[in-house]
Amino acid sequence: MKKILYSFILLAMLSTLLSAKTYHWKKGTTFLSFLRNNGIPQKLYYNLDSDDKELIAEIRSGQKYSIKKNRILIPITDELQIQIIGKKKLSLEPIPFETLKGSIHLTVKKSFEKELYAKTHSKGLLKSLKSAYTSLNLKKIKKGDKISIFYEQKRRDGKAIDNPKILASHITINKKSYYNYLAKDGKHYDSLGEEYKKIKKSYTPYIRPIQNTRVSSGFTHRRFHPILHRYKAHLGIDYANCTGTPIKSTAKGKIIYRGWKGGYGRCIKIQHANGLVSLYAHMSRYRKGLKVGSWVPQGKIIGYVGSSGRSTGAHLHFGMYKNGKAINPARYVRVTKHKTLVHKLKGKDYIALRKKVVHYRNKFKKLRKNGGKPLYIKKNNYLVMRDNRAKKVNL
Ligand SMILES: [Zn+2]
């Protein structure tokens with residue numbers, strides 16, 4: 001009888017030793033006082049580098065932590081935990097998680113969003129699908145269209161972490177195919193290596209040569225000239241400003257003239273793309289080092305405002321010429337344009353993606369036949385894993 005009792009006590013002791021006990025981090029407890037209370041040398045903390053110390057300072061009161069045998073685990077973030085082994089070792093370790101793989105194929109009957117959720121019980125999957133196809137309007141998916149997805153979900157303690165990752169997917173919209181593959185860089189590409197994301201870039205092809213300044217005279221074919229006292233065309237824009245104000249090139253180009261030019265005084269001409277030439281006149285001086293043949297980027301200081309040549313005061317005369325004919329610079333300057341860029345995989349990355357395309361070819365075929373294996377199945381009022389191991393999950 002005694003023997004049985006002893007072995008029972010021993011068993012009970014053993015099981016408490018083996019199973020982890022959980023505690024809550026008490027309010028006001030500092031990490032150092034925690035070490036002291038548990039008889040752990042504080043030098044283990046002082047030996048850490050400053051980044052780790054900073055992270056450790058983030059333990060929240062109420063945080064659950066566990067003690068199992070001689071191992072203490074205190075989570076700090078969703079991914080990192082403090083591990084203390086015995087009285088000798090203190091380190092930051094990743095919190096382990098499991099990765100589950102799922103798949104789904106469906107033919108849309110009415111609303112693909114509702115039907116996808118009904119089959120997968122994952123709101124995150126829809127979010128992931130939308131971000132995998134950023135440049136494709138999924139609202140166009142209608143009755144009869146098809147969706148196939150291979151995905152994986154990270155879980156920790158039965159709880160989903162982040163949204164699922166879409167490894168490969170195929171959507172047909174009105175019989176048009178859109179294959180999508182996750183590449184090593186974490187971005188989504190079509191079968192030819194073009195990213196499912198268009199980057200809209202706005203740019204100003206021609207900028208004002210002087211920022212924040214007043215236009216004292218605009219472009220006209222008839223203007224009363226203050227010095228010549230007669231009507232004369234004004235084939236440019238005058239920007240009034242102080243002597244010495246920097247003048248910037250309106251766009252990138254090549255300097256084709258730098259010198260004195262009659263009434264224009266000291267001036268520079270720059271040749272741009274599309275047969276355009278810009279002219280900057282009445283300068284007080286040029287920027288050092290610039291000569292005919294120099295290439296300048298957009299916005300480069302090329303000289304300084306002055307009153308050289310036929311001029312009544314310090315100003316910049318800015319002209320633009322298309323194929324030698326004066327045009328109104330106001331039509332070009334400060335007009336913001338947009339261009340769309342698409343990132344395309346090249347070289348090794350492209351080859352790796354093409355291997356994926358081949359790898360998934362048969363998998364898609366099978367998936368279309370068997371309908372796939374979503375990760376979660378609804379049973380009564382809670383979700384269970386598809387292998388029927390009842391496990392409540394928080395999606
Ligand atoms: Zn002028």
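Numbered according to the UniProt record's numbering, the sequence shown spans residues 1 to 395. Built from N, CA and C at the ideal position, the CB exists for glycine as well.
Straight-line Cα distance separating residue j from residue i
{"i": "I270", "j": "A251", "result": "9 Å"}
{"i": "L375", "j": "K64", "result": "28 Å"}
{"i": "W295", "j": "K261", "result": "21 Å"}
{"i": "R71", "j": "I56", "result": "17 Å"}
{"i": "residue 480", "j": "G244", "result": "Since the first residue shown for the chain is 1 and the last is 395, residue 480 is missing from the structure and cannot be characterised."}
{"i": "A168", "j": "I377", "result": "22 Å"}
{"i": "P94", "j": "D51", "result": "15 Å"}
{"i": "T336", "j": "Q298", "result": "14 Å"}
{"i": "H221", "j": "L316", "result": "18 Å"}
{"i": "H105", "j": "R368", "result": "6 Å"}
{"i": "E58", "j": "A273", "result": "56 Å"}
{"i": "residue 396", "j": "R331", "result": "Residue 396 is absent from the model: the chain starts at 1 and stops at 395."}
{"i": "P96", "j": "P205", "result": "51 Å"}
{"i": "I147", "j": "L80", "result": "36 Å"}
{"i": "I74", "j": "I84", "result": "9 Å"}
{"i": "Q153", "j": "E54", "result": "30 Å"}
{"i": "S103", "j": "Y179", "result": "15 Å"}
{"i": "L90", "j": "G39", "result": "13 Å"}
{"i": "T172", "j": "F318", "result": "54 Å"}
{"i": "I207", "j": "K300", "result": "11 Å"}
{"i": "A390", "j": "T107", "result": "In this prediction, A390 has a pLDDT of 45, which is less than 50 and means its spatial position is unreliable; what the coordinates show is noted afterwards. If you take the alpha carbons of A390 and T107, they lie about 29 Å apart."}
{"i": "N370", "j": "L182", "result": "23 Å"}
{"i": "Y257", "j": "V292", "result": "6 Å"}
{"i": "residue 421", "j": "K43", "result": "Past the edges of the chain, shown from 1 to 395, lies residue 421, and the structure says nothing about it."}
{"i": "Y350", "j": "K159", "result": "35 Å"}
{"i": "S249", "j": "Y45", "result": "58 Å"}
{"i": "residue 475", "j": "L138", "result": "Outside the shown range of the chain (1 to 395) lies residue 475, about which nothing can therefore be said."}
{"i": "S131", "j": "H170", "result": "14 Å"}
{"i": "R361", "j": "D78", "result": "36 Å"}
{"i": "S284", "j": "I302", "result": "11 Å"}
{"i": "F364", "j": "D157", "result": "31 Å"}
{"i": "R36", "j": "L48", "result": "17 Å"}
{"i": "G289", "j": "P329", "result": "27 Å"}
{"i": "S311", "j": "A233", "result": "15 Å"}
{"i": "L32", "j": "A352", "result": "49 Å"}
{"i": "N388", "j": "A118", "result": "Model confidence at N388 stands at a pLDDT of 44, short of 50, so the residue's coordinates are unreliable; what they give is reported in the following sentence. Using only the alpha carbons, I get a separation of about 18 Å."}
{"i": "T22", "j": "T30", "result": "18 Å"}
{"i": "I255", "j": "R334", "result": "21 Å"}
Nearest-angstrom beta carbon gap, residue j and residue i [assumed within contact, 8 Å]
{"i": "K26", "j": "S61", "result": "7 Å"}
{"i": "C267", "j": "A314", "result": "The pair is not a contact, with the Cβ atoms about 15 Å apart (cut-off 8 Å)."}
{"i": "I166", "j": "I149", "result": "6 Å"}
{"i": "Y304", "j": "P246", "result": "6 Å"}
{"i": "G265", "j": "S308", "result": "3 Å"}
{"i": "P41", "j": "K101", "result": "Contact doesn't hold; Cβ gap of about 44 Å is too wide."}
{"i": "S135", "j": "K197", "result": "5 Å"}
{"i": "K110", "j": "K69", "result": "Not really, about 55 Å apart at Cβ, beyond 8 Å."}
{"i": "I141", "j": "F112", "result": "5 Å"}
{"i": "I237", "j": "G218", "result": "6 Å"}
{"i": "E98", "j": "R155", "result": "5 Å"}
Opposing strand residues paired with residue i [DSSP bridges]
{"i": "E93", "result": "Q81"}
{"i": "W25", "result": "W25 is not bridged to any residue."}
{"i": "R266", "result": "W260 and M283"}
{"i": "I141", "result": "Note: I141 sits in no beta bridge, so no partner."}
{"i": "G306", "result": "H315"}
{"i": "P246", "result": "Y304"}
{"i": "E152", "result": "K101 and K165"}
{"i": "residue 396", "result": "Residue 396 is absent from the structure shown; the chain starts at 1 and stops at 395."}
{"i": "H170", "result": "S148 and Y179"}
{"i": "S294", "result": "Answer is none; S294 lacks a bridge partner."}
{"i": "P75", "result": "Q81"}
{"i": "E195", "result": "Y189"}
{"i": "H338", "result": "S202"}
{"i": "Y321", "result": "V277 and A326"}
{"i": "K64", "result": "H24"}
Residue i Cβ short of 7 Å to ligand 2 heavy atom set
{"i": "I270", "result": "Ligand 2 is not part of the structure shown, which contains ligand 1 as its ligands."}
Residue-chain proximity (residue i, chain C), Cβ-Cβ < 8 Å
{"i": "K127", "result": "Of the chains in the structure shown, none is chain C; there is only one protein chain."}
Review point. Any chance the region 317-324 sits against the region 270-277, with 3 or more Cβ pairs inside 8 Å?
Key: yes
**Study point:** Beta carbon nearer than 6 Å to a non-hydrogen atom of ligand 1
**Key:** S217, H234, G236, D238 and H317
**Study point:** Stretch pair the region 183-194 + the region 206-216: three plus CB contacts closer than 8 Å
**Key:** no
Review point. Do the region 119-128 and the region 179-188 touch if we need at least three Cβ pairs shorter than 8 Å?
Key: no
Point to revise | Meets three-Cβ-pair contact criterion under 8 Å: the region 326-345 and the region 199-208 | key: yes
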